[in-house]
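Residue 211 in the UniProt record's numbering sits at position 211 of the sequence shown, and the numbers go up by one each step.
First up is the structure itself, then whatever we jot down about it.
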Amino acid sequence: MFATVLIANRGEIALRVVRTCREMGIRTVVAHSTADRDSAAVRAADAAVQIGPAAPKGSYLSIPAVIEAARAAGAQAVHPGYGFLSEDADFAEVCAANDLVFIGPPPEVMARLGDKAAARREMASYGLPVLPGSAGTVNSLAEAAEVVDRIGYPVIIKAAAGGGGRGMSVVRSARELGRAYRATRAAAQAVFGDGRVYLERFCDQARHVEVQVLADRHGTVLHLGERDCSVQRRHQKLVEEAPAPNLPDALRAEMAAAAVAGARAAGYVGAGTFEFLVADDGFHFMEINCRIQVEHPVTEMVTGLDLVREQIRIAAGLPLKAGQHDVRPRGVALECRVNAEDPAREYAPAPGTLDEFVPPGGPFTRVDTHGYAGWRVTSDYDSLLAKVIVWAPDRLHAIARMRRALAEFRVAGRGVRTTIPALDRVLDEPDFIAGVHGTDLLSRMTQETP
């Protein structure tokens, strides 16, 4: 096992990794920017290394800075968390060249699957169902128009190097195609440094359901059940749950088997997530996330497995202890993302200093957060402030517990607003309570609000 792990991330996920490493007897070193020198993760870690300014390009996205920090810290491995360098195959290769273990899939696997268009094509070759769309990336507006002529409207244009719900545009008519195509390419280039895009048919009332997998270096591939992530605004998830409600058992099993087969065929190693759209005609593969997911706690709550621990053990070359028959999800878990955003202003970022920050507690209630009274929420990074996760024996009980937990959450500060009011409205929405909602839930709620 590793003696020291460098954590190349920030916020709640950095603190989450610190805590698991401490339980495993592993020394932790947090690489941080100037803006995060007083973060909860830095305070909790055994050591910390400042690697650059607040701007991510000079710190959390700087491969030389992270590598130098790992070498200076005497680390044997690097945990990238999610976001930043977590799905950067070049970074994983540089880690290997510097005798550092990247806690994630092999660089060559990540390079293939990180290209969303290529991953879609590869999974289709393994027999996973995909939505009608382009065979690969489209390199001109004329090519995009040809695809649309074949599959019809509406379509969604996606960045090939995209992730995290960014770099997507829904197009419903020929009049919108040219503008959306150019805008998506420009956004993809700006955000990911790669302007390539591809097209798929867009499903208005589909559900977003994903399957968590674990794969070790000894040939074992497991699925840990599925999560429903259909509550989204602008393709950004707000509420997640496990298991997915009202999913036929046969479809549930078929999706899990497809994820395991895809991971095995691709040579996947580590923790990964297969994302699917579920529509009236069945399920369709969308993409693979080659990292730990923001919403991983709901899977942990229903399975009892620590996914970060499993990531670290797999990276250290150890076999998975569990077999598929040992994975027996129990009950229902919900997660609500509390972001420093103002729902009344179209979820505009709402940074500021936290004068009061009191997370909820109580039975079967977990809060993953890096916030504390006095912490400055900046606009330099993602707006995620906390994740409230609850577990209950059944879904209605879980919803009631989440309502209670959010009501207890006290957050105040000049300029600071959170998504808690929007989350409350979701939890009271009849379609959500019935578990029959799709990815259009939040947009429909917004249209219905007087």
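Cβ coordinates follow ideal geometry from the N, Cα and C atoms, glycine included.
All of these numbers come straight from a predicted model, not from anything done at the bench.
- A direct Cα-to-Cα measurement between SER59 and PHE357 gives close to 27 Å.
- For TYR181, the enclosing alpha helix (DSSP H) has its first and last residue at 174 to 192.
- Boundaries for LEU61: no alpha helix (DSSP H) harbours it, and the DSSP string shows neither H nor E there.
- The closest CA to that of MET402, considering only GLY413, GLY165, ALA279, VAL388, is found on VAL388.
- For SER173 and GLN236, the gap between their C-alpha atoms comes out near 24 Å.
- Assignment of MET445 by DSSP, reduced to helix, strand and coil, places it in the helix class.
- Look at GLU200 here: in three-state DSSP terms it is strand.
- Of the candidates SER140, VAL338, ALA44, ARG10, the residue whose Cα lies closest to the Cα of ASP36 is ARG10.
- Beta-bridge pairing by DSSP links ASN98 to no other residue.
- Inclusion of ALA119 and ALA89 in the CB contact set at 8 Å is not warranted, their separation being larger than that value.
- In the three-state DSSP reduction, LEU307 falls in the helix class (H, G or I).
- Inclusion of VAL211 and PHE285 in the CB contact set at 8 Å is not warranted, their separation being larger than that value.
- Here ASP99 is exposed. Its C-beta has fewer than 16 other C-beta atoms within 10 Å.
- Bridge partners of MET168 according to DSSP: LYS158.
- When only Cα atoms are considered, ALA256 and GLY374 end up about 44 Å apart.
- Taking a C-beta distance under 8 Å as the contact criterion, LEU6 and ALA41 do not qualify as a contact pair.
- The beta carbons of ALA160 and ASP115 sit closer together than 8 Å.
- Comparing C-alpha distances from ALA400 to each of VAL416, PHE2, LEU427 shows the shortest one belongs to LEU427.
- The alpha-carbon separation between GLY162 and VAL239 amounts to approximately 21 Å.
- TYR82 and LEU384 have their C-alpha atoms spaced approximately 12 Å apart.
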